[in-house]
Amino acid sequence: MKNNLQTYLSSPPQLSEIEDSFEYSNVQLPPIHQDSFKILQRRFVLKDASPTYRMEQEHNFRVFKSADYEEQIAKMDMVM
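With my numbering applied, the sequence shown covers 4 to 83.
Set out below in structure tokens:
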């Protein structure tokens, strides 16, 4: 697993999400004092979705699932 993680972190796969998987998130940065500039940071972030939703959506590449996929995904509390 350690080797797999190192490989992934060294060269991550291309993003396979569709446009509807993202949303804008606005964060207003706190001003230093009342006369400071008001700064709004806007980021394009991935929406929350279940692991099963991510696996079932259409991908640019074929997704292979193991024979016990349903059983394994049901046991997971978190997926990275």
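No residue lacks a Cβ here, since even glycine has one placed at the ideal position from N, Cα and C.
Between which two residues does the alpha helix (DSSP H) holding residue i run?
{"i": "Glu75", "result": "First, the amino acid is wrong: residue 75 is Gln here, not Glu. Unbroken alpha helix (DSSP H) run through Gln75: Tyr72 to Lys78."}
{"i": "Arg57", "result": "Pro54 to Glu59"}
Output the distance between the C-alpha atoms of residue i and residue j, rounded to the nearest integer angstrom.
{"i": "Glu59", "j": "Ser53", "result": "10 Å"}
{"i": "Glu74", "j": "Glu61", "result": "22 Å"}
{"i": "Leu43", "j": "Ala70", "result": "47 Å"}
{"i": "Tyr56", "j": "Gln31", "result": "31 Å"}
{"i": "Pro33", "j": "Ser39", "result": "9 Å"}
{"i": "Glu20", "j": "Arg65", "result": "13 Å"}
{"i": "Ala77", "j": "Leu8", "result": "22 Å"}
{"i": "Tyr72", "j": "Asp23", "result": "25 Å"}
{"i": "Asn6", "j": "Leu12", "result": "10 Å"}
Using only CA atoms, which one of the options lies nearest to residue i?
{"i": "Phe25", "options": "Pro34, Ile76 and Leu49", "result": "Leu49"}
{"i": "Tyr27", "options": "Met79, Arg65 and Asp51", "result": "Asp51"}
{"i": "Phe47", "options": "His36, Asn29 and Gln37", "result": "Asn29"}
Considering residue i, what are the terminal residues of the beta strand (DSSP E) in which it resides?
{"i": "Ser28", "result": "Phe25 to Leu32"}
Residues bridged to residue i by DSSP?
{"i": "Ile42", "result": "Leu32"}
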